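Numbering (the numbering used here), first residue to last: 183 to 307. Each residue gets a CB set at the ideal place from its N, CA and C atoms; glycine is no exception. Note that the coordinates shown come from a computational prediction; the quantities given were computed from them, not determined experimentally.
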Amino acid sequence: MIMSIHGVDHINIRTQDLDRCVDFYCKVLGFKKGYRPPFDAPGAWLYADDAPLVHISVASRKPAASTGALDHIAFAAKGYDATKRRLKRAGIAFENFQVPDNPVRQIFIRDPDGMAVELNFREEN
183 MIMSIHGVDH INIRTQDLDR CVDFYCKVLG FKKGYRPPFD APGAWLYADD APLVHISVAS
243 RKPAASTGAL DHIAFAAKGY DATKRRLKRA GIAFENFQVP DNPVRQIFIR DPDGMAVELN
303 FREEN
């Protein structure tokens, strides 16, 4: 069998403040904390539906502001207007963007550790 890539399994975020990071992804973006194997190091797995899409690990020192070649993470999302209201209520700065010649609307934010997060809304305007 020839290897083929068919999707992204998860992303891993390193943080010095596990609780703050988990709170952001759960309270602001709607992920749910779920089962994580009993690794020796602290961390969390955050789920969207039944998939553990965001893994969080604890860094011994503050992660560098740059993530090397990785510029941002992106999630498919629903509820564009509700998301904008939620971000405003939480005092989280965001930028929105309409993809040219495409129905996709985007919202860009930063997580507490500075990771750029893109939310893609493919629902009708």
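Check	Outcome
The region 295-305 contacting the region 252-261, beta-carbon criterion three pairs below 8 Å	yes
Distance between residue 238 and residue 196 (C-alpha atoms, nearest Å)	6 Å
Residue 264 (DSSP reduced to helix, strand or coil)	helix
Stretch-stretch touch, CB-based, cutoff 8 Å, three pairs: the region 219-238 with the region 260-272	no
Under 7 Å between C-beta atoms of residue 202 and residue 294	yes
Residue nearest to residue 223 in terms of C-alpha spacing, selected from 200, 205, 216	200
Residue 217 (DSSP reduced to helix, strand or coil)	coil
Alpha-carbon spacing of residue 253 relative to residue 292, whole angstroms	11 Å
Cβ neighbour criterion (16 or more within 10 Å) applied to residue 297	buried
C-beta contact flag for residue 188 and residue 235 at 7 Å	no
Length of the line joining the Cα atoms of residue 277 and residue 213	21 Å
Endpoints, alpha helix (DSSP H) assigned at residue 200	200-205
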